[in-house]
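full-length UniProt numbering puts the first residue of the sequence shown at 1, with every later residue one more than the last. Yeah, the Cβ is synthetic: ideal placement off N, Cα and C, and Gly gets one too. Owing to the predicted nature of the structure, the values given are computational and were not obtained by experimental measurement. Down below is the structure, laid out as structure tokens.
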Amino acid sequence: MQALLIEPADLIADAIGKQLALCKVNHDRLDLNGLRDLVGGHGSIDIGHDAIIIGDVGDTEACVAMLRARNVTAAIICLIERRCANTTAGILRAGADDVLVKPVVSTEIRARLEAIRRRSYGLTSNAVTVGRLTVFLDGRDPEVDGERLRLSQREHAILSVLALNHRRVVSKEHIYEEVYGLSGSDPLDKVIDVYICKLRKKIDTATGGGRYIETVYGRGYKFEAPPDHVTPDRAQLMLDRWSGAGGLAGPRVPFIPPVVPRAAARAVGR
Numbered sequence: 001m002q003a004l005l006i007e008p009a010d011l012i013a014d015a016i017g018k019q020l021a022l023c024k025v026n027h028d029r030l031d032l033n034g035l036r037d038l039v040g041g042h043g044s045i046d047i048g049h050d051a052i053i054i055g056d057v058g059d060t061e062a063c064v065a066m067l068r069a070r071n072v073t074a075a076i077i078c079l080i081e082r083r084c085a086n087t088t089a090g091i092l093r094a095g096a097d098d099v100l101v102k103p104v105v106s107t108e109i110r111a112r113l114e115a116i117r118r119r120s121y122g123l124t125s126n127a128v129t130v131g132r133l134t135v136f137l138d139g140r141d142p143e144v145d146g147e148r149l150r151l152s153q154r155e156h157a158i159l160s161v162l163a164l165n166h167r168r169v170v171s172k173e174h175i176y177e178e179v180y181g182l183s184g185s186d187p188l189d190k191v192i193d194v195y196i197c198k199l200r201k202k203i204d205t206a207t208g209g210g211r212y213i214e215t216v217y218g219r220g221y222k223f224e225a226p227p228d229h230v231t232p233d234r235a236q237l238m239l240d241r242w243s244g245a246g247g248l249a250g251p252r253v254p255f256i257p258p259v260v261p262r263a264a265a266r267a268v269g270r
């Protein structure tokens, strides 16, 4: 995941940068001069980042509105000094996706970025179930029939990109940009090929021969379940897991009949 941090103060930018590094979010930084250069001129802006994190730029609401007016489609998270309902509402209405109060913590930044990214793909949770394989977008290893499939960091990142684009063809260039934050070239494309090969072998072994990653020659790769692998009912699996943990085995609340006043009872008897 690639983020653009807009923060004029060096010390604050370093502190936020450390938190982003802890949650494995690569980032570039702009100061106010860089922001002016970015939004100067006319027309749309293509920043090439997944998210923009805006710090103390003066008028945060105006900054967000300015970026949206330039057709910036990346997720925008704004950092404010203190909690204020009116300030937060104004920033959100200007086009921001989320507002956080400083100081920020790595786990929360990562979770909020993941939530925004998930919604942008029309997903309702961090789990993408494809056939017998469940891919988690929050850093956890995927599972096959509930059993953990151990992957390296790069393998997980590539599988997450494929899962987010389930049933769609994804080019090697797009995968490389998402994982490494750079445009791919011919030698670098081979890196993706190597990791795809490793992923196929691990998934094949775990599923007993299931081919989930298809090569679409000249275009890239497509992630889809084989026809003979039925997608399990994830809600039922979670219900069974909850029941097994005692979620439905709690003590029953005894039924206590309502107390009827004597006068009312006599009236009913008549």
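Buried/exposed call for residue i, threshold 16 Cβ in 10 Å
i, result
"Asp217", "The residue asked about is misnamed: residue 217 is Tyr in this sequence, not Asp. The residue is exposed, with fewer than 16 neighbouring Cβ atoms inside 10 Å."
"Pro227", "exposed"
"Val57", "buried"
"Thr73", "exposed"
"Gln153", "exposed"
"Val128", "buried"
"Ser185", "Any answer about Ser185 is weak, because its pLDDT of 44 lies below 50 and its placement is not dependable; what the coordinates show is given next. Looking at its Cβ environment, which holds fewer than 16 other Cβ atoms inside 10 Å, Ser185 is exposed."
"Cys84", "exposed"
"Thr205", "exposed"
"Val101", "exposed"
"Ser183", "Since pLDDT at Ser183 reaches only 43, below the 50 mark, its modelled position is unreliable, and the value read off the structure follows with that caveat. Exposed, since its Cβ has fewer than 16 Cβ neighbours within 10 Å."
"Pro187", "Legend: pLDDT at Pro187 = 49, less than 50; position of this residue unreliable, value from coordinates given subsequently. Exposed, since its Cβ has fewer than 16 Cβ neighbours within 10 Å."
"Thr215", "exposed"
"Val194", "exposed"
"Gly209", "exposed"
"Leu149", "buried"
"Ser160", "buried"
"Arg29", "buried"
"Asp98", "buried"
Check whether residue i and residue j have beta carbons under 8 Å apart
i, j, result
"Ile109", "Cys23", "yes"
"Thr207", "Leu133", "yes"
"Ser171", "Arg241", "no"
"Ile203", "Ile175", "no"
"Ala65", "Gly95", "yes"
"Ile91", "Asn71", "no"
"Gly131", "His229", "yes"
"Ala3", "His27", "yes"
"Ala13", "Leu5", "yes"
"Lys222", "Val169", "yes"
"Val39", "Leu11", "no"
"Glu143", "Asn126", "no"
"Ala155", "Lys198", "In the sequence on display, residue 155 carries Glu and not Ala. Taking 8 Å as the Cβ cut-off, Glu155 and Lys198 qualify as a contacting pair."
Extent of the continuous beta strand (DSSP E) to which residue i belongs
i, result
"Tyr221", "Gly220 to Phe223"
"His27", "Asn26 to Leu30"
"Val216", "Ile213 to Val216"
"Val101", "Asp98 to Val101"
"Leu4", "Gln2 to Ile6"
"Ala127", "Ala127 to Val130"
"Ala75", "Ala75 to Ile80"
"Ile54", "Ala51 to Ile54"
"Thr134", "Leu133 to Phe136"
Span of the alpha helix (DSSP H) around residue i
i, result
"Ala85", "Ala85 to Ala94"
"Ile16", "Asp10 to Leu22"
"Val64", "Thr60 to Ala69"
"Val149", "For the sequence presented, residue 149 should be read as Leu rather than Val. Run containing Leu149: none; DSSP gives neither H nor E here."
"Thr107", "Ser106 to Ser120"
"Ile175", "Lys172 to Tyr180"
Minimum C-alpha distance to residue i - residue among the options
i, options, result
"Glu177", "Ile47, Ala13, Val39 and Ile12", "Ile47"
"Glu7", "Cys63, Gly210, Val25 and Glu173", "Cys63"
"Asp103", "Ala225, Arg82 and Glu114", "The displayed chain sequence assigns Pro, not Asp, to residue 103. Measuring from the Cα of Pro103, the nearest candidate turns out to be Arg82."
"Ala225", "Val194, Ser243 and Arg200", "Arg200"
"Val25", "Asp59, Ser125, Thr87 and Ser106", "Ser106"
"Ile116", "Leu239, Met1 and Ser243", "Met1"
"Gly43", "Ala69, Glu61 and Arg29", "Ala69"
Check: residue i C-beta below 7 Å from any heavy atom of the ligand ATP
i, result
"Leu100", "No copy of the ligand ATP occurs in the structure displayed, which carries no ligand at all."
Cutoff 8 Å: residue i Cβ touching any chain C Cβ
i, result
"Lys202", "No chain C appears in this structure, which consists of one protein chain only."
Inter-stretch contact (C-beta, 8 Å, three-pair minimum) for the segment 77-92 and the segment 37-55: Look at the beta carbons and you see the segment 77-92 touching the segment 37-55: at least three pairs across the two are nearer than 8 Å.
Given 8 Å, three or more beta-carbon pairs between the segment 29-36 and the segment 113-122: At 8 Å Cβ cutoff, the stretches do not touch.
Cβ contact check for the segment 126-144 and the segment 161-173: 3 or more pairs under 8 Å: Result yes; three or more Cβ-Cβ pairs closer than 8 Å.
Stretch-stretch touch, CB-based, cutoff 8 Å, three pairs: the segment 9-27 with the segment 95-111: In this structure the segment 9-27 touches the segment 95-111; the number of beta carbon pairs closer than 8 Å is three or more.
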